Amino acid sequence: MPDAALPQHTRSRLGLLFRVRGRSVWNRIIVAVREAPVRLTTAILLIGVVWIGLYGLFRFVFHQLEQTPLEAAVAVPMVFNFFFLAMLALLAFSNAIISYSALFGREESSYLLTLPVAPIDVVTLKYIESTILSSWSVVLLGMPLMFAMAELREEPTSRLLFLAFFLAFIPIPGALGLLLSWSIARFFPRNATRGVWVGAGVVLALLVVGGLRTMAPQDTDEAAEMWLHSFLSSMSFVEAAFLPNNWVAAGIDHALQGKSSTALGYLGVTIANAMFISWLVVRLVSKHFDVAYDRASASRATGSRVASNASGGIAGRVFFYLPLPLRLVAAKDLRTFFRDPAQWAQLTILFGLLVLYLTNMPTMKLGLQATGWMLMIPFLNLCAVSLILATFTCRFVFPLVSLEGQKLWLVGVLPVKRSRLLWSKLAFSMTVTLAVAVGAMGLAAAMLRMGPIWTVIHVGVTIGICFGLCGLSVGLGALLPMFDESNPARIANGLGGTTNLLISVAVVAVSLGGVLVATYRSRYLIPGTMPDAVSLSCVAGSVAVSVGAGLVALWVGGRKFDRAEV
Amino acid sequence: MNETDQTQAIELSQVYKSYGSKVAVENLTLSIPRGELFAFLGPNGAGKTTTIKMIVGLLRPTRGVVEVCGHQIALNGLAAKAKLAYVPDQPFIYEKLTGREFLYFVAEMYGLSVKARDARLERLVVELDIGEFLDQLTESYSHGMKQRVVLAGALLHDPAVLVIDEPMVGLDPRTIRVVRNLFSELTQNGGTVFMSTHILDIAEALADRIGIIHRAELIAIGTLDQLKQKAKREHSLEDIFLELTEGEHA
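If you want it as structure tokens, here you go:
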């Protein structure tokens, strides 16, 4: 029976689905305002601080570029081309993960599919929702970049144009992500997790290989110039006319030159293509959605034996130094980590990008002969690593104890004091974070040819911060648990999670402050010489603050966990 | 409901479903007429939930045809789903909506007028005793409270076919009595209930016919008396079930 002949109630229900979603969001806001006003205000303030900080940073960078107009003329379009190409890949990947979960993993999809709702309504809802979820932070944080540029060019009206470019662009990676998630469900349903792994690995490998090709250090100006020419010609593919990043970059470039009509033309091209690809992908996925859903459901019904074997062996051996009951719990957490794409994918992406950046550092001839700059760049690397670690521990380590609460009937009867279980959580989180963080800092040291003294200092501080952040998240997770919540994201976003985030950021700030003082005091030292006693004391203080914060949190959390009634 | 045609409420013809090499349902043929309460029994992993998911359109049969009120679910899913209501064993409910907002959403989804919705809802609120918490966010509900609101949502549009998986889990004895009465009333008005349960007493007391699926195959179907004859014993449904599915843990 064609749709036109169906009763009234089987027509499109997209408006109703959006109204319900809007109502849910409104209710969530009301609850947040009523029950956690401090948290909400803090979050808004923090976002504001980050936004203003980024705006200031971008203004400074663009101002510096303005001092060398010839270089700026070449660099700015290239930077935007790369920026939007990277956004295309990252947002498509991020959207694929969110779309897969929303369409094939959530109870809501199953529920909606039993109602008289056309699949195209469900797919459209999830496509728009996933695109917003994966892109809002990019738009929010990309806006200061655009605004700073508009400010510098004294073209206030172009702010709206820049924002329009952002908004017009994001549906394109959104549609690509939707197509990718549907393809995984449709063609690789039994290996969806592995598919994401392989996809992420291939993308990162390509990026790192691309980075390695360009990483040979350039010691002379001539060599650097030749390298730059070679690099620009090898990267010319990013300016291919069919790539969306090029439309946006070219549009922004024309807007900056005051050619508004050409810029609007590019904006029109971007909007038209975004609408076309969205329409095409949503129609395609909707038409074959039931087959993909059926295959994804079937794969869940039969389970995944391969993942079990792959991660089980590693998890069983890594924690050999722990007593048996604690080893079992830590190994269980590591297995869970390996089997949860949300955890490893975020860590892989964040540190993958960091590795990409680090491998390209030696090619940047930025006048790093001065000791100050030679120390400042590694310090900024340390900041990046620390903040990524804080994000990871607050999102994934903090909920561990709360999630254990629901299984306390099992873990709680193990022949071991309950607070000692926190050490197994610490062992698990330290294992994961140390592996990636120390690896990244070691790579940074090698790429920047840091001497042994500062390598030891930076790696030592990284280890201290790892311990501090893991200890804080485990300890505060036990002190402020949400035992009745099974969703780790909600646990991380709760009052305890927010408190943990703020304390973690504060501890990182204090620790990095000590290193910053040492870096500043050593700016005129001959490379390879030992920093003075005050500097070393500051570094030691940094490590002590991190470790102390972790230990205190573990002690306080352990006492609470021993007495907890679940 | 107001269905006057003579098509079966649920019709499965030679339905086969496999997950790779694992056969979940083997050539299942089943006709359930309008006005019948059908209890679908079987040990864990026998194929009950897979069958239910094929009836409500969540899964596609590898082979065979599933029809609801004369509409093939694979070809004309929207028309079939408009006649259906489905309550899974772990029902979904929007946690940031109140119970009333959720029920309004369901009513609008099925195209109920405001007048019809309010009249129907007023009765269900009293019968299922959900008025006290209907204006609270559902995230604060206990399992039983959620189950009652979801049941109200399923019955709100007066479905021709109610498919329900483990309907009594999490309900208190008083609500169980109410639900039994609602099922009886639905079938007396020409509606059909397809119920999967492990509570054999309820199946014995309520069902017009009982089907037992075992290792993906329908091994017995009929009224309680017919099953007793098949088992050649004058025992309870529990004894018959255990005998027919010997060696399995129900």
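Order-wise, the sequence lines are chains A and B. Residue 956 is where the first sequence starts when you use the numbering used here, and the numbers rise one by one after that. Residue 6 is where the second sequence starts when you use the numbering used here, and the numbers rise one by one after that. From the three backbone atoms N, C-alpha and C, an ideal C-beta is built for every residue, glycine too. These numbers come from a predicted model, not from an experiment.
With a threshold of 9 Å between beta carbons, A:E990 makes no contact with chain B. Exposure of B:D140 is indicated by the presence of fewer than 16 other C-beta atoms within 10 angstroms of its C-beta. A residue is called buried when at least 16 other Cβ atoms come within 10 angstroms of its Cβ; A:P1354 meets this threshold and is buried. Counting only the Cα atoms, B:H203 lies some 14 Å from B:P93. Listed in chain order, the non-local C-beta contacts of A:G977 below 7 Å within the same chain number zero, local neighbours out to five positions each way being set aside. For the C-beta of B:G62, the chain A residues within less than 9 Å are, from N- to C-terminus, L1068, T1069 and D1245. Between A:Y1248 and chain B, the shortest Cβ-Cβ separation is below 9 Å.
Neighbourhood of B:Y146 in chain A, by CB distance below 8 Å: empty, with the nearest CB roughly 13 Å away.
In the structure shown, B:Y115 adopts coil according to DSSP, grouped into three states. Residue contact with chain A for B:M114: present (Cβ-Cβ distance below 9 Å to some residue of chain A). When C-beta distances to chain B are compared with 8 Å, every residue of the segment 1077-1097 of chain A stays at or above that value. With its beta carbon less than 9 Å from one in chain A, B:P93 belongs to the interface. DSSP, reduced to helix, strand and coil, places B:Y21 within a strand of the structure shown.
Per the coordinates, the alpha-carbon of B:K22 lies some 5 Å from the alpha-carbon of B:P66. Listed along the chain, the chain B residues whose CB falls inside 7 Å of the CB of A:N982 are K101, L102 and L142. With a threshold of 16 other beta carbon atoms within 10 Å, B:H240 falls short and is exposed. Cβ contact annotation for A:G1129 (same chain, cutoff 6 Å, sequence separation greater than five): N1050 and T1086, in chain order. Across the set B:A165, B:D163 and B:I135, the C-alpha of B:I135 shows the shortest separation from the C-alpha of B:K151. The C-beta separation of A:A1395 from A:V1340 comes to about 5 Å, placing the pair in contact by the 8 Å criterion. Nearest C-alpha to A:V1236 among A:L1133, A:L1067 and A:R1290: A:L1133. Judged by DSSP secondary structure, B:F43 falls within the beta strand (DSSP E) whose first and last residues are L42 to L46. The Cβ atoms of B:N49 and B:E132 lie no closer than 9 Å to each other. By alpha-carbon distance to B:L80, the top candidate from B:I224, B:V71 and B:D206 is B:V71. Residue-level contact check: B:A157 does not touch chain A, since none of the beta carbons of chain A fall below 9 Å from its beta carbon. Per DSSP, the continuous beta strand (DSSP E) segment holding B:N32 begins and ends at K27 to I37. Sequence-ordered contacts of the segment 1455-1485 of chain A with chain B are nonexistent [C-beta pairs closer than 9 Å].
Interface flag for B:Y24 against chain A is set, since a Cβ pair is found closer than 9 Å. Distance check between A:V1246 and each of A:L1187, A:L1068, A:A1229 and A:L1381 places A:L1068 closest, using alpha-carbon atoms only.
With a threshold of 9 Å between beta carbons, A:V1240 makes no contact with chain B. Residue pairing for B:A157: DSSP places it in no beta bridge. In the DSSP assignment, A:I1446 falls within the alpha helix (DSSP H) that extends over P1443 to N1448.
When the five nearest sequence neighbours on each side are left out, the beta carbons in the same chain lying within less than 7 Å of the beta carbon of A:A1204 are those of P1032, F1035, N1036 and F1039, in order along the chain. Judged by DSSP secondary structure, B:T180 falls within the alpha helix (DSSP H) whose first and last residues are P178 to Q193.
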